[in-house]
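**Q** Input: one structure, supplied below.
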Amino acid sequence: SHDQKIITTLALKNEEIQNFICCLKQNLENLEANSNRVQEDLESEFSSLHAVLDELKEGMVTRIKQERASRTYELQSQLSACTKALESSEELLELANQTLCSSENDSFTQDSYYAPFYKIYRLRYPKSLFLSPLVPATPEINVAECQVFDNTITVVWTLPEPDSKIDHYILEYRKTNHEGSPRAREDYPWMVVEGIKETEYTLTGLRFDTRYMTFRVMACNKAVAGEFSELVTLETHAFVFKLDAGSAHQNLKVEDLSVEWDSSGGKVAVQDIRKEKNRTSSPMHSPARTAMMSPKRAPSARVGRDRFTAESYTVLGDAMIDAGQHYWEVRFDKESKVFAAGVALRSLGRFDQLGKSNASWCIHLNNWLQQSLTAKHNNKARTLDCPIPDRIGIYCNYEEGTLSFYNSRTKTLLHTFRTKFQQPVIPAFMVWNGSFSVQTGLQVPSIVLCGQKRNSNTSSSNASLT
């Protein structure tokens, strides 16, 4: 009937409106999700930009401080010398006037005339003349009290005797690969810390990418600066390695310690390879100079095999671990489709993904269907029930067969493999549709060492994965 047609039409229109409302709601949700994603990307970009600007600022400020300290020291030394020269000149003038007045005495001789000037001449040239009583004494660094731990260095010094007129101290330090006295041309500049009020100072947030650091300190009062102390060199042992671009899958773009997924499949540019070869063969990275910084260097190319291929989007480090305790960190994009980090044997196959054979141990992030974090070895996985960090610390104790993963910001333990390494292992990383960067030159954090000692006598709950 006619009424029935009207009702049917209205029902259809009502359904269309409901569908349209659903579409609007879906569009609204998509808009909100997209805007949030764009905002997060923008914030990430600005954070990266701020980090770069802060780094540039820090470098420029350091250079300004170095130049200011150098020029201040020179000018203060000149001022002190000129002040003493003026005092000497005034004394000489006074004696000259006295001598001229006494010349009225007929009995004076040439020797008696010049005697006061000889006295002044003898006084003007000894070094002590230019060391004013106002110049502070030279400090002495107490090596026994200095401490190196957790990538911090505490330097302690003393004065020969108390001096209430000391206003502050200036500490200078420089990285070096030489234990003895400084060479004519060092590879690193002096860094300056000014305005220190105490007789000790702690440098924090350091990266120990050289074998040693050299220190010297001077005391300053309101007028002048004193002499620098004798140089003291402290050992800064840490685990240092680079990424082996020759092992990387062709879809991985390797730049120094950073890796980015490159969907175009372009291989590392020829100039980048040449740059890598020149860098690793330079004096700063020669085996002789890095032997004490880190474990043995692995060959730059994988012996008897090509780079990783197929779905093994892997790159290895260039240092083999065959003894000792070592620690490094890796920061990764949590939106990466797949990311993994751990260690592997040199026998890891070019088609093998990390954790899927008995030649590798890793923590594995998967964002393909749903986000998950697992510990993987020999194709066995254990899901980790914990918040996913964006930065992971990796600890390896070769003799104990321990491989532990930490949230590097909180030092919360994520997982521990307990095994027995039969061969040297190498830091290994894998990423698909994402990126990561590695930080080396780190000492094993004290909190990690303490935790490992507490757990050394307990049974591992992860034995099924070893």
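Under the UniProt record's numbering, the sequence shown has 69 at position 69, and the numbering climbs by one with no breaks. Idealized CB from N, CA, C, for every residue including glycine.
Give the straight-line distance between the Cα atoms of N433 and A33, rounded to the nearest whole angstrom.
**A** 20 angstroms
**Q** Going residue by residue through the stretch 339-380, where are the continuous beta strand (DSSP E) segments of at least 3 residues, counting only ones entirely within it?
**A** 360-366 and 372-377
**Q** From E400, E200, V148 and W157, pick the residue whose C-alpha is nearest to that of T138; which is it?
**A** Taking only the C-alpha atoms, the option nearest T138 is W157.
**Q** Since T214 contacts T233 with CB under 8 angstroms, what's their CB separation in whole angstroms?
**A** 5 angstroms
**Q** First and last residue of the alpha helix (DSSP H) that includes R207?
**A** No alpha helix (DSSP H) contains R207, which DSSP labels as neither H nor E.
**Q** What's the gap between the Cα of Q39 and the Cα of E140?
**A** 54 angstroms
**Q** Just tell me which of A341, N358 and F339 has its CA closest to the CA of R348.
**A** According to the sequence shown, residue 348 is Leu rather than Arg. Looking at the Cα atoms, N358 is the closest of the given residues.
**Q** My output table needs one value for N221: the three-state DSSP class, helix, strand or coil.
**A** coil
**Q** How would you call N177, buried or exposed, if buried means at least 16 neighbouring beta carbons within 10 angstroms?
**A** buried
**Q** The alpha helix (DSSP H) with N455 in it runs from where to where?
**A** S446 to N455
**Q** Taking 8 angstroms as the cut-off, does the stretch 353-369 touch the stretch 335-344 (at least 3 CB pairs, one atom from each stretch)?
**A** yes
**Q** Going by beta carbon distance, what residues of the same chain come within less than 6 angstroms of M218, once the five residues before and after it are set aside?
**A** I170, A225, G226 and F228
**Q** Straight-line CA distance for V315 to S360?
**A** Near 13 angstroms, if we compare the C-alpha coordinates of S360 and V315.
**Q** Could you compute how far the alpha carbon of Q18 sits from the alpha carbon of L10?
**A** Their Cα atoms are separated by approximately 12 angstroms.
**Q** Buried or exposed for T410, going by 16 or more other Cβ atoms inside 10 Å?
**A** By the neighbour-count criterion, in which a residue is buried when 16 or more other Cβ atoms sit within 10 angstroms of its Cβ, T410 is exposed.
**Q** Between E179, N27, K57 and T199, which has its C-alpha nearest D163's C-alpha?
**A** T199
**Q** Return helix, strand or coil for G441, following the three-state DSSP convention.
**A** coil
**Q** What three-state label does DSSP hand H237 in the structure shown?
**A** coil
**Q** When DSSP labels each residue in this structure, what does F46 get in the three-state scheme?
**A** DSSP, read as helix, strand or coil, puts F46 in helix.
**Q** Taking the DSSP output, what are the residues bridged to C396?
**A** H326 and L403
**Q** Is any heavy atom of the ligand ZN found at a distance shorter than 6 angstroms from the C-beta of E200?
**A** For the structure depicted, the ligand ZN is absent and the ligand set is empty, with no information on it obtainable.
**Q** How far does the beta strand (DSSP E) with Y173 in it reach, from first residue to last?
**A** H168 to T176
**Q** Where DSSP assigns a beta bridge to G226, which residues make up the other side?
**A** Beta-bridge pairing links G226 to no other residue.
**Q** Of the choices V148, I394, R391 and Q371, whose alpha-carbon is the least far from that of L384?
**A** Out of V148, I394, R391 and Q371, Q371 has the C-alpha closest to the C-alpha of L384.
**Q** Assign D244 to one of three DSSP states: helix, strand, or coil.
**A** strand
**Q** When you compare each of Q422, E400, K197 and Q76 to T416 by their alpha carbons, which one comes out closest?
**A** Selected option, being the one with the closest Cα: E400.
**Q** Go ahead and label F46 buried or exposed: buried means 16 or more other beta carbons lie within 10 angstroms of its beta carbon, across all protein chains shown.
**A** exposed
**Q** Which residues does DSSP list as the beta-bridge partners of K253?
**A** In the DSSP output, where bridge partners are listed per residue, K253 has E260.
**Q** Determine the DSSP secondary structure at Y73, reduced to helix, strand or coil.
**A** helix
**Q** Would you tell me roughly how many angstroms separate the C-alpha atoms of K242 and D256, rounded to the nearest one?
**A** 7 angstroms
**Q** For F421, count neighbouring Cβ atoms within 10 angstroms of its own Cβ and tell me buried if that reaches 16, exposed if not.
**A** By the neighbour-count definition (other C-beta atoms within 10 Å, threshold 16), F421 is a buried residue.
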